[in-house]
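The block underneath contains the structure these notes are about, expressed in structure tokens.
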Amino acid sequence: MVYFAGTRFERYALPLEQVVDLAHEAGVPVIVDAAAQLPPVENLWHYTGLGADLALFSGGKGPRGPQASGLVLGRRDLVDACRAHACPNHALGRTMKTSKENVLGLVAAVERAAAWSTCTPTSTGPAAGSASPPTGSCPA
0 MVYFAGTRFE RYALPLEQVV DLAHEAGVPV IVDAAAQLPP VENLWHYTGL
50 GADLALFSGG KGPRGPQASG LVLGRRDLVD ACRAHACPNH ALGRTMKTSK
100 ENVLGLVAAV ERAAAWSTCT PTSTGPAAGS ASPPTGSCPA
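Numbering that gives the first Met the number 0 puts the first residue of the sequence shown at 0, with every later residue one more than the last.
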């Protein structure tokens, strides 16, 4: 079962907790498409905390990492199943586009986003479209 988080349709959908209960009663895993739900960094564990089996995030949206990267977080067996289709076992989907450079770029973007979420800025943060962090006691 796929649940689309943060879309305009979410207000008409069942709450995620209810979707999780119904799907799990039927033995169906719940995958949350949270592609654009970063920031805040807390969303990295929010959806699995509500019972979703996997949460998928784009690396190229909020984290400002490479466009061909993303995060798959959740149940170990399902993450391992996704990994089975990744390099060097190219099968279906976007895994064929992800390079070592993209993986390292995403790691750097996640680390930077995590650092920003714990800083105490003296400004309101970066201007729209700016890659600069907020000023104050925040990492560069």
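Glycine included, every Cβ here is placed at the ideal spot set by N, Cα and C.
Where the alpha helix (DSSP H) containing residue i begins and where it ends
{"i": "Val-18", "result": "15–24"}
{"i": "His-84", "result": "Counting along the chain, His-84 falls outside any alpha helix (DSSP H), and DSSP gives it neither H nor E."}
{"i": "Gly-48", "result": "42–48"}
Exposure label - residue i; buried when at least 16 CB within 10 Å
{"i": "Ser-98", "result": "exposed"}
{"i": "Asp-76", "result": "exposed"}
{"i": "Val-29", "result": "buried"}
{"i": "Leu-103", "result": "exposed"}
{"i": "Tyr-2", "result": "buried"}
{"i": "Val-31", "result": "buried"}
Element boundaries [beta strand (DSSP E), containing residue i]
{"i": "Val-71", "result": "69–73"}
{"i": "Leu-55", "result": "53–57"}
{"i": "Tyr-2", "result": "1–3"}
{"i": "Val-31", "result": "30–32"}
Min CB distance residue i to chain B below 8 Å
{"i": "Val-106", "result": "The question asks about chain B, but that chain is absent: this structure has only one protein chain."}
Nonlocal neighbours in the same chain, by C-beta distance under 7 Å from residue i, ignoring five residues either side
{"i": "Gly-73", "result": "Thr-47, Ala-51, Asp-52, Leu-53 and Ala-54"}
{"i": "Ala-108", "result": "Gly-58, Pro-62, Arg-63 and Gly-64"}
{"i": "Asn-42", "result": "Ala-33 and Gln-36"}
Checklist entry - With contact counted as at least three CB pairs below 8 Å, one residue from each stretch, are the region 14–24 and the region 68–76 in contact? => result no
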